[in-house]
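Undergrad:
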Amino acid sequence: MMIESIPITVEVNGTIQRLKVMPHHSLAVVIREQLGLLGTKISCGEGECGACTVILDGKAVNSCMVLAVEADGCSVLTIEGLAKNGELHPIQTAFIEEGAVQCGFCTPGMVMSTKALLDENPEPEEEQIREALAGNLCRCTGYHRIINAVHAAARKSSVHSGETK
Amino acid sequence: MKRFNYAEPKNLVELVALLHQYGASASILAGGTDLINHISHGKRSPKIVVSLRGVAELSNTVIEKSEGIEIGVLATLTTVAEHPLVRQRYTALAEAAVKVGSKQIRNRGTVVGNVCNASPAADTVTALLLFDPVLSVLAETGRRTVALSDFLLGPGQTSLAADELVESIFLPTPIEGTASTYRKLSRREGVDLATVGVATSVEWSGNIRIALGAVGPKAFRAVAAELQLKGNPRDMDNIESAIRLAQVAAEPISDLRASNEYRREMVGALLRQALQQALARCKGGECK
Ligand SMILES: Cc1cc2nc3c(=O)[nH]c(=O)nc-3n(C[C@H](O)[C@H](O)[C@H](O)COP(=O)(O)OP(=O)(O)OC[C@H]3O[C@@H](n4cnc5c(N)ncnc54)[C@H](O)[C@@H]3O)c2cc1C
Ligand code: FES
Ligand code: FES
Chain D
379 MMIESIPITV
389 EVNGTIQRLK
399 VMPHHSLAVV
409 IREQLGLLGT
419 KISCGEGECG
429 ACTVILDGKA
439 VNSCMVLAVE
449 ADGCSVLTIE
459 GLAKNGELHP
469 IQTAFIEEGA
479 VQCGFCTPGM
489 VMSTKALLDE
499 NPEPEEEQIR
509 EALAGNLCRC
519 TGYHRIINAV
529 HAAARKSSVH
539 SGETK
Chain G
205 MKRFNYAEPK
215 NLVELVALLH
225 QYGASASILA
235 GGTDLINHIS
245 HGKRSPKIVV
255 SLRGVAELSN
265 TVIEKSEGIE
275 IGVLATLTTV
285 AEHPLVRQRY
295 TALAEAAVKV
305 GSKQIRNRGT
315 VVGNVCNASP
325 AADTVTALLL
335 FDPVLSVLAE
345 TGRRTVALSD
355 FLLGPGQTSL
365 AADELVESIF
375 LPTPIEGTAS
385 TYRKLSRREG
395 VDLATVGVAT
405 SVEWSGNIRI
415 ALGAVGPKAF
425 RAVAAELQLK
435 GNPRDMDNIE
445 SAIRLAQVAA
455 EPISDLRASN
465 EYRREMVGAL
475 LRQALQQALA
485 RCKGGECK
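Residue numbers (my numbering), protein chains in the order written: chain D, 379 to 543; chain G, 205 to 492.
See below:
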């Protein structure tokens, strides 16, 4: 049986992409290798570590566990989609300011999980932050500074929305 | 990952025709959180992966019926865990669903996929067993219904034929005022399979149900322990007798997560906690 690539249309960071993807390729592979967006990391490749976390139709998912063909008709947000006009997103700034980045390999996934959390719940309790990030492993920081960064990002965002009101 | 073809049937007629055509060489894809790992580890090597996502008739929500609820085949663990009626009437199921994996896994993985994967440690299966679940199974030749306890045969084994799929799970409404809870022991908080899972429900009349997961080839109801508690669930000595009966019914294995002796001990500890919690929730008939 011949296995052929399948055409999909997917919105990635606000841009419509028409791609031909192999059925066995994960969304993570296509994001990195076909779109050249290397911020999304592949580490375990089996749903354990969260390094590949992207936001698919508003929900945080492991892009290594989603087939690229399944993203047809969906919208995907990767870490590259956060900064606007060369200015970092408040979550990214908070991670830097709180010293929540060491080697940085987990960071894009952590930031995307944080984004999904704050979109849903702008003022999360510590427990809710821990639950939202339980699927993101970090080998460097010991997590405290990451949790602090999420708190700081939540404060920044509430200040931001206050300003625009 | 090994290569495969992919199909996205648009309706049930197309779906069952594909399953009939390919039989055992097709794999059904729901959330993919088990299937994709099975394929990349070589445990499964389908010629074709058949996705359910485009099938018009299949539901991704929990539907309220006059005599219970129907969990749609594409309802994610997140959807089920957050559903108000599930939280209120089937509390143990909501608690089990939110304990599966991580947020990312729960946003993709489905309750029906958790059931069809038939892991002895599947969290929602243990909780579902409290609520007399009935699965609706579909094939080209027609529909049948099957009780969850008959559907599960053993680790990774179900009574599904190669050309069948599960369409939905029906849970009848529990007796007014039933309280329930699910307790899970795992090696680390979040993102680990259960070492032991215990689900318990209490009816106001004093009827108790107990389901145990990860301590046998499949999750099961600890019937002898339930009978021991019937009518007298608050007496401490009686609770200890029931716990011993549940521990005898458990047939845990030893693996890298835990030894069988430890698992059997933990059945006792978790069941004690679960009973306390369910009874507290059911205080004076005011179950929440
Ligand atoms: C990192 C990680 C952590 C996890 N943690 C847990 C945990 O803590 N507890 C737990 O219980 N599980 C856990 N799991 C397992 C998994 O996430 C769950 O079993 C999930 O509910 C599976 O649902 P799915 O929709 O992703 O299923 P899929 O992977 O799509 O399917 C699972 C299996 O069922 C079959 N199938 C799916 N739908 C149907 C259908 N409608 N009819 C017939 N067959 C069907 C598929 O062919 C496949 O064999 C974890 C998995 C990962 C990767
Ligand atoms: S690379 Fe996807 S979860 Fe680890
Ligand atoms: S900063 Fe290195 S893994 Fe998190």
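Don't be surprised by glycine CBs; every beta carbon is placed ideally from N, CA and C.
Opposite Thr349 (chain G) in the DSSP bridges: which residues?
TA: According to DSSP, Thr349 (chain G) bridges with G:Ser340.
Undergrad: Would Ser255 (chain G) be called buried (16 or more neighbouring beta carbons within 10 Å of its own) or exposed?
TA: Looking at its Cβ environment, which holds 16 or more other Cβ atoms inside 10 Å, Ser255 (chain G) is buried.
Undergrad: Identify the continuous beta strand (DSSP E) that holds Ser405 (chain G) and give its terminal residues.
TA: Val400 to Val406 is the span of the beta strand (DSSP E), which, as asked, contains Ser405 (chain G).
Undergrad: Using a Cβ cut-off of 9 angstroms, which residues of the stretch 491-515 of chain D contact any Cβ in chain G, in chain order?
TA: Listed by position, the residues of the stretch 491-515 of chain D near chain G (Cβ gap below 9 angstroms) are Ser491, Ala494, Leu495, Arg508, Glu509, Ala510, Leu511, Ala512, Gly513, Asn514 and Leu515.
Undergrad: Assess contact between the stretch 430-442 of chain D and the stretch 401-411 of chain G, defined as three or more Cβ pairs (one per stretch) separated by less than 8 angstroms. Is contact present?
TA: With a cut-off of 8 angstroms, the stretch 401-411 of chain G and the stretch 430-442 of chain D do not count as touching, because too few Cβ pairs lie within range.
Undergrad: Measure the alpha-carbon distance for Val302 (chain G) versus Arg310 (chain G) and round it to whole angstroms.
TA: Using only the alpha carbons, I get a separation of about 7 angstroms.
Undergrad: Tell me the rounded alpha-carbon separation between His522 (chain D) and Leu356 (chain G).
TA: One C-alpha to the other measures close to 42 angstroms.
Undergrad: So Gly472 (chain G) is in the alpha helix (DSSP H); what residue range does that whole segment cover?
TA: Taken as a continuous stretch (DSSP letters only), the alpha helix (DSSP H) holding Gly472 (chain G) covers Asn464 to Arg485.
Undergrad: Less than 7 angstroms between C-beta atoms, sequence neighbours within five positions excluded: which residues of the same chain meet that for Thr418 (chain D)?
TA: Same-chain partners within the cutoff: Ala406, Ile409, Arg410, Cys430, Val432, Ser441, Thr456, Ile457 and Pro486.
Undergrad: Quick one: what's Arg387 (chain G) bridged to in DSSP?
TA: DSSP lists G:Val402 as partners of Arg387 (chain G).
Undergrad: For Asn209 (chain G), which of helix, strand or coil comes out of DSSP?
TA: If DSSP states are grouped into helix, strand and coil, Asn209 (chain G) belongs with the strands.
Undergrad: Going by DSSP, what residue range makes up the alpha helix (DSSP H) through Ile507 (chain D)?
TA: Looking at the DSSP string, the run of the alpha helix (DSSP H) that includes Ile507 (chain D) is Glu504 to Ala510.
Undergrad: Can at least three beta-carbon pairs, one atom from the stretch 258-275 of chain G and one from the stretch 466-475 of chain D, be found at a separation below 8 angstroms?
TA: No: the two stretches stay apart, fewer than three of their Cβ pairs being nearer than 8 angstroms.
Undergrad: Can you confirm whether Val447 (chain D), when its beta carbon is compared against all beta carbons of chain G, has any partner nearer than 7 angstroms?
TA: Yes, its Cβ sits closer than 7 angstroms to a Cβ of chain G.
Undergrad: Run the Cβ filter for me: residues under 6 angstroms from any heavy atom of ligand 2, listed in the order they occur in the chain.
TA: Matched residues: D:Ile420, D:Ser421, D:Cys422, D:Gly423, D:Gly425, D:Glu426, D:Cys427, D:Gly428, D:Ala429, D:Cys430, D:Asn440 and D:Cys442.
Undergrad: Go through its chain and collect everything with a Cβ distance to Val350 (chain G)'s Cβ below 8 angstroms, but skip five positions before and after it.
TA: So the list reads Val338, Leu339, Val341 and Ser363, once near-sequence residues are dropped.
Undergrad: With contact counted as at least three CB pairs below 8 angstroms, one residue from each stretch, are the stretch 289-304 of chain G and the stretch 365-384 of chain G in contact?
TA: Yes, the stretch 289-304 of chain G is in contact with the stretch 365-384 of chain G.
Undergrad: For ligand 3, is there a heavy atom less than 6 angstroms away from the beta-carbon of Thr418 (chain D)?
TA: For ligand 3, not one heavy atom lies less than 6 angstroms from the Cβ of Thr418 (chain D).
Undergrad: Is there at least one Cβ from chain G nearer than 7 angstroms to Ile381 (chain D)'s Cβ?
TA: Yes, contact with chain G.
Undergrad: Name the two residues that bound the continuous beta strand (DSSP E) containing Thr387 (chain D).
TA: Residues Ile384 to Val390.
Undergrad: In the stretch 220-247 of chain G, which residues sit with their C-beta less than 9 angstroms from some C-beta in chain D, listed in chain order?
TA: Hits within the stretch, in order: Leu233, Gly235, Gly236, Thr237, Ile240, Asn241, Ile243, Ser244 and His245.
Undergrad: Three-state secondary structure (DSSP) at Gln480 (chain D)?
TA: Correct three-state label for Gln480 (chain D): coil.
Undergrad: So which residues of chain D does Gln360 (chain G) contact, with C-beta pairs closer than 8 angstroms?
TA: In the sequence as presented, Gln is not what sits at residue 360 (chain G); that position holds Gly. Near Gly360 (chain G) there are no residues of chain D at all, since even the closest Cβ is about 17 angstroms away, more than 8 angstroms.
Undergrad: Residues in its own chain within less than 8 angstroms of Cys320 (chain G) by CB, not counting five upstream and five downstream?
TA: These residues qualify, in order along the chain: Ile232, Ala234, Thr362, Leu364 and Val370.
Undergrad: Any C-beta of chain D sitting closer than 7 angstroms to the C-beta of Ile373 (chain G)?
TA: So no, Ile373 (chain G) is outside the interface.
Undergrad: Assign Gly540 (chain D) to one of two classes, buried (16 or more other C-beta atoms within 10 Å of its C-beta) or exposed (fewer than that).
TA: Only weak support is given to the placement of Gly540 (chain D): the predicted model assigns it a pLDDT of 47, under 50, and the question is left unresolved by the model.
Undergrad: So Lys437 (chain D) contacts chain G; which residues on that side make the cut at Cβ distance below 9 angstroms?
TA: Going along chain G in sequence order, the residues near Lys437 (chain D) (Cβ under 9 angstroms) are Thr280, Thr282, Lys307, Gln308, Asn311 and Arg312.
Undergrad: List the endpoints of the continuous alpha helix (DSSP H) containing Val299 (chain G).
TA: First, the amino acid is wrong: residue 299 (chain G) is Glu here, not Val. Residues Thr295 to Val302.
Undergrad: Do Thr492 (chain D) and ligand 3 come close, with the Cβ less than 6 angstroms from some heavy atom?
TA: Flag unset: Cβ of Thr492 (chain D) not near ligand 3.
Undergrad: Quick one: which chain D residues come within Cβ less than 7 angstroms of Arg207 (chain G)?
TA: Under the 7 angstroms cutoff, chain D gives Ile381 and His402.
Undergrad: To the nearest whole angstrom, what separates the beta carbons of Ala279 (chain G) and Ala298 (chain G), a pair I think is in contact under 8 angstroms?
TA: 12 angstroms between Cβ atoms; not a contact.
Undergrad: Given that Ile457 (chain D) touches chain G, what residues does it touch there, using C-beta distances under 9 angstroms?
TA: Chain G residues near Ile457 (chain D): none, gap ~15 angstroms exceeds 9 angstroms.
Undergrad: What residues in its chain sit with their C-beta under 6 angstroms from that of Ala462 (chain G), if we drop five residues either side in the sequence?
TA: Taken in chain order, the residues that qualify are Thr399.
Undergrad: Does any residue of chain D have a CB that is nearer than 7 angstroms to the CB of Tyr466 (chain G)?
TA: For Tyr466 (chain G), the answer is no, since every Cβ of chain D falls outside 7 angstroms of its Cβ.
Undergrad: Tell me whether Thr283 (chain G), by its Cβ, gets closer than 6 angstroms to a heavy atom of ligand 1.
TA: No, Cβ of Thr283 (chain G) sits at least 6 angstroms from all heavy atoms of ligand 1.
Undergrad: Taking 8 angstroms as the cut-off, does the stretch 523-531 of chain D touch the stretch 219-231 of chain G (at least 3 CB pairs, one atom from each stretch)?
TA: Segments in contact, no.
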